[in-house]
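**Student:** Before we start, here is the structure in question, set down as structure tokens.
2 protein chains.
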Amino acid sequence: MKKILEIKKKIANDWFKTLQKKMIDQFQLIESEASKKNKKKIKYFIKREWKKSIKKEGGGTSYLLSGGKIFDKIGINQSTVSGKFKKVFRSKILGAEKNGKYWASGISVVAHMRNPKIPALHFNTRFIVTSKAWFGGGMDATPSYNDKKEKNFIHERLRAVCKLNNKNYNKYKKWCDKYFYLPHRKEPRGIGGIFFDYETKDWEKNFKFVQDLGNEFTYLTKQIIINKKKLKWTERDKDQQSYKRGRYVEFNLLYDRGTKFGLNSGGSVESILMSLPPLAKWK
Amino acid sequence: MKKILEIKKKIANDWFKTLQKKMIDQFQLIESEASKKNKKKIKYFIKREWKKSIKKEGGGTSYLLSGGKIFDKIGINQSTVSGKFKKVFRSKILGAEKNGKYWASGISVVAHMRNPKIPALHFNTRFIVTSKAWFGGGMDATPSYNDKKEKNFIHERLRAVCKLNNKNYNKYKKWCDKYFYLPHRKEPRGIGGIFFDYETKDWEKNFKFVQDLGNEFTYLTKQIIINKKKLKWTERDKDQQSYKRGRYVEFNLLYDRGTKFGLNSGGSVESILMSLPPLAKWK
Numbered sequence: 173m174k175k176i177l178e179i180k181k182k183i184a185n186d187w188f189k190t191l192q193k194k195m196i197d198q199f200q201l202i203e204s205e206a207s208k209k210n211k212k213k214i215k216y217f218i219k220r221e222w223k224k225s226i227k228k229e230g231g232g233t234s235y236l237l238s239g240g241k242i243f244d245k246i247g248i249n250q251s252t253v254s255g256k257f258k259k260v261f262r263s264k265i266l267g268a269e270k271n272g273k274y275w276a277s278g279i280s281v282v283a284h285m286r287n288p289k290i291p292a293l294h295f296n297t298r299f300i301v302t303s304k305a306w307f308g309g310g311m312d313a314t315p316s317y318n319d320k321k322e323k324n325f326i327h328e329r330l331r332a333v334c335k336l337n338n339k340n341y342n343k344y345k346k347w348c349d350k351y352f353y354l355p356h357r358k359e360p361r362g363i364g365g366i367f368f369d370y371e372t373k374d375w376e377k378n379f380k381f382v383q384d385l386g387n388e389f390t391y392l393t394k395q396i397i398i399n400k401k402k403l404k405w406t407e408r409d410k411d412q413q414s415y416k417r418g419r420y421v422e423f424n425l426l427y428d429r430g431t432k433f434g435l436n437s438g439g440s441v442e443s444i445l446m447s448l449p450p451l452a453k454w455k
Numbered sequence: 173m174k175k176i177l178e179i180k181k182k183i184a185n186d187w188f189k190t191l192q193k194k195m196i197d198q199f200q201l202i203e204s205e206a207s208k209k210n211k212k213k214i215k216y217f218i219k220r221e222w223k224k225s226i227k228k229e230g231g232g233t234s235y236l237l238s239g240g241k242i243f244d245k246i247g248i249n250q251s252t253v254s255g256k257f258k259k260v261f262r263s264k265i266l267g268a269e270k271n272g273k274y275w276a277s278g279i280s281v282v283a284h285m286r287n288p289k290i291p292a293l294h295f296n297t298r299f300i301v302t303s304k305a306w307f308g309g310g311m312d313a314t315p316s317y318n319d320k321k322e323k324n325f326i327h328e329r330l331r332a333v334c335k336l337n338n339k340n341y342n343k344y345k346k347w348c349d350k351y352f353y354l355p356h357r358k359e360p361r362g363i364g365g366i367f368f369d370y371e372t373k374d375w376e377k378n379f380k381f382v383q384d385l386g387n388e389f390t391y392l393t394k395q396i397i398i399n400k401k402k403l404k405w406t407e408r409d410k411d412q413q414s415y416k417r418g419r420y421v422e423f424n425l426l427y428d429r430g431t432k433f434g435l436n437s438g439g440s441v442e443s444i445l446m447s448l449p450p451l452a453k454w455k
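These protein sequence lines map, in sequence, to chains A and B. Here our numbering is used: the first residue of the first sequence is 173, the next is one more, and so on. Here our numbering is used: the first residue of the second sequence is 173, the next is one more, and so on.
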């Protein structure tokens, strides 16, 4: 029985690494093309590897591209870590109540765009093993102005991926809206997307869904960029984006469970906080 | 006995309001003079009053000046609030364990400077009454480059104020260093200052110290500005300041007790988060 779980861990882990490579190749292509067309110097993803201080407990590989023609900043992180949660944190993690042991592998992406007409995009999927084993993740978008057509496009695509995999889109959409909310501002972070967690049953089905969602995010991101990269924008649009990014920072530092999980599992600070925008403003 | 406490509350509250006025007048003067000299349009403090949703539980008055010649952003907040803490928060507040009741009055100032050679300055003093009653507060500086002379100047002034009031400067300095620290970055927020709390004994002595510290902060801020306002700076200096401000945001949203107290006591979000810089950057 244990052996099967080990194989599942390896398969999930391999997928997250494959997806990371795929994304880097495709997002680098879109970035390089845009720079060439505009005769700008091409910016590349920079790779950084890190290990947990206890070496047998794993680590990760981060790719960061900054100051690009398309991407102001995009971080693509893959990490595979294990260990024991501190006692105070155990009750917050499913199946970790007893001994705090965990193994986790996942990929997370945050893209902050140069053109303020293009929303910031976030994606994450993970396979976590404690005394339970489950998939979780999601994707969501944070535009800095209202674009109903784009919002519908994103949500229709996500609805279709859910349908294909017999997943309850409405449930996942609501979960996302509830999660990416700033109570102190009484504001949503963005226009939502889907969010799911604790998918313990039917590993095959869930793994297929996680793969489809990864591929969908890659495709969607490129489509959203292609649709909008030629749109003109003003300093005022950029400013509006910077204030929206201020809210993004507030959410990630005040509430995000991923940030807390990362800081509590001995993750790399640079990788965890790679989600923060290159620049944010407050009034 | 209760009556005496009521009088003390009134006296402390009056002082915080007086100090707020004093600071606004003096900082406005320094800002207006600088703008006149440079033939720039003068920016003024904008007043905003807020009330807690339960009206009998008080509120506050915030003054904010943005985009000035000296101050990129300065917020001066005075608030006087009361109420009952939620159960989960009670154990974190001295004397609130039993019924959660509190009354609090205080003033807090955060100044982010236009010239990146001038450090960001923070000051706060407060009188809090639960089943106990105590003063707390402090001041500290966050420069974005190393200036030993200025650091010594600030610390010597603070040492002198402590000495005048028979307060243990070394203890308060250490407290400040410990408090304004970012464990995830393994970095101090700035160059420290002094920090104190739970000063329950000898109300007269502590009140005198709180007043002296308020006057000292007003004087010190002006001196630091006068010393440096003519210093030239480059875009690179400004960038360095923006990255330092990123760390300031991380501290305030991840760790600051004042932020948590504010959000947990039904304070005004705009006033609580006035401490955030106008612009911050992350790599």
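The beta carbon of each residue, even a glycine, is placed where N, CA and C say it ideally should be.
Would a check of beta-carbon distances place A/H356 closer than 7 Å to chain B?
**Tutor:** Under the Cβ criterion of 7 Å, A/H356 is counted among the residues facing chain B.
**Student:** Is B/A454 close to chain A, meaning its C-beta is less than 7 Å from at least one C-beta of that chain?
**Tutor:** A small correction: the amino acid at residue 454 of chain B is Trp; Ala does not occupy that position in the sequence shown. Chain A, which has a Cβ nearer than 7 Å to the Cβ of B/W454, makes this yes.
**Student:** Report the residue from B/G434, B/L336, B/I290 whose alpha carbon sits nearest the alpha carbon of B/N318.
**Tutor:** B/I290
**Student:** Touching or not, the stretch 249–257 of chain B and the stretch 380–397 of chain B, by the rule of three or more beta carbon pairs under 8 Å?
**Tutor:** Cβ pair count under 8 Å is below three, so no.
**Student:** For B/P449, go through chain C and note every residue whose CB falls closer than 8 Å to its CB, in chain order.
**Tutor:** Of the chains in the structure shown, none is chain C; the protein chains are A and B.
**Student:** Please classify B/D374 as buried or exposed, where buried requires at least 16 neighbouring CB atoms within 10 angstroms.
**Tutor:** exposed
**Student:** Pull up the CB-CB distance for A/N287 and A/K400, whole angstroms please, since I reckon it's below 8 Å.
**Tutor:** 6 Å
**Student:** Leaving out five residues before and five after A/G438 in sequence, what residues of the same chain have Cβ atoms less than 8 Å from its Cβ?
**Tutor:** K224, S225, I226, E229, V253, G255
**Student:** Starting from the C-beta of B/T489, find all residues in its chain whose C-beta is less than 7 Å away, skip the five residues before and the five after it, and write them out in chain order.
**Tutor:** The structure shown does not extend to residue 489 of chain B, since chain B is modelled only from 173 through 455, so no value can be given for it.
**Student:** Quick one: which residues of the stretch 402–427 of chain B get their C-beta closer than 9 Å to a C-beta of chain A? List them in chain order.
**Tutor:** Of all residues in the stretch 402–427 of chain B, the ones placed with a Cβ closer than 9 Å to any Cβ belonging to chain A are S414, G418, V421, E422, N424, L425, L426, in chain order.
**Student:** Is there at least one Cβ from chain B nearer than 7 Å to A/L435's Cβ?
**Tutor:** yes
**Student:** Can you tell me the Cα-Cα spacing of B/Y351 and B/G365, whole angstroms?
**Tutor:** 11 Å
**Student:** Which residues in chain A have a C-beta closer than 8 Å to the C-beta of B/V441? List them in chain order.
**Tutor:** H356, R357
**Student:** Taking the beta carbon of B/D244 as the centre, do at least 16 other beta carbons fall within 10 Å, making it buried, or is it exposed?
**Tutor:** The residue is buried, with at least 16 neighbouring Cβ atoms inside 10 Å.
**Student:** Cβ of A/S277 within 7 Å of Cβ of A/F199?
**Tutor:** No, these two residues do not count as a Cβ contact at 7 Å.
**Student:** What residues from chain B crowd round A/L293, counting only those whose CB sits closer than 7 Å?
**Tutor:** Those within 7 Å of A/L293 in chain B number zero; the least Cβ separation is about 17 Å.
**Student:** Secondary structure at B/Y235, three-state DSSP: helix, strand or coil?
**Tutor:** strand
**Student:** Taking only the alpha-carbon atoms, compute the straight-line gap between B/Y235 and B/S280 and give it to the nearest angstrom.
**Tutor:** 11 Å
**Student:** Tell me whether A/N338 is buried or exposed, calling it buried when 16 or more other Cβ atoms sit within 10 Å of its Cβ.
**Tutor:** Exposed is the call here.
**Student:** Below 7 Å between beta carbons: does that hold for A/K215 and A/G240?
**Tutor:** yes
**Student:** Is the Cβ-Cβ distance between A/E371 and A/F307 less than 7 Å?
**Tutor:** yes
**Student:** Report the neighbours of B/L330 on chain A: residues whose CB is nearer than 7 Å to its CB, in chain order.
**Tutor:** Within chain A, no residue comes near B/L330; the closest Cβ sits about 28 Å away, beyond 7 Å.
**Student:** Please report the straight-line C-alpha distance between B/N249 and A/L330, rounded to a whole angstrom.
**Tutor:** 45 Å
**Student:** In whole angstroms, what separates the C-alpha of A/L150 from that of B/K455?
**Tutor:** What the structure shows of chain A is the stretch from 173 to 455, and residue 150 of chain A is not part of that stretch, so it cannot be assessed.
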